[in-house]
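Below is one structure, written out as structure tokens; comments come after it.
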Amino acid sequence: MAQHDHSHLKDESASRIGMAFFLNVIFTIIEFVGGWLTNSTAIMADAVHDLGDSLSIGSAWLLNRLGKKSADS
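Each residue of the sequence shown is one higher than the one before, starting from 100 at the first, in the numbering used here.
Okay, structure coming up:
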């Protein structure tokens with residue numbers, strides 16, 4: 100029986116985490132600008148909350164990429 104490798108799933112997960120990171124950063128920027136233009140502290144507070152989410156997702160993406168490197172890289 101032939102061997103089946105699931106290595107393509109690892110590359111897919113990294114790209115999905117990266118996509119989530121960049122979309123979240125873009126949404127955070129749009130929300131912050133919208134809150135500033137409308138002078139809404141509630142929207143700006145939510146933008147700061149989304150920034151924290153972006154940092155968490157960005158950390159996961161970075162650590163996922165670093166975890167794929169071999170020990171001697």
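Where a beta carbon is used, it is the ideal one built from N, C-alpha and C, also for glycine.
Remember, predicted model here, so these are calculated numbers, not experimental data.
Annotated as proximal: F131 and A146, with beta-carbon spacing under 8 Å. DSSP, reduced to helix, strand and coil, places A170 outside both helices and strands of the structure shown, so it counts as coil. Nearest C-alpha to S153 among T140, F121, A113 and S139: F121. M143 sits close to G134, with the two beta carbons spaced by under 8 Å. The beta carbon of A159 lies closer than 7 Å to those of I116 in the same chain, with the five residues before and after it left out.
DSSP, read as helix, strand or coil, puts S139 in coil.
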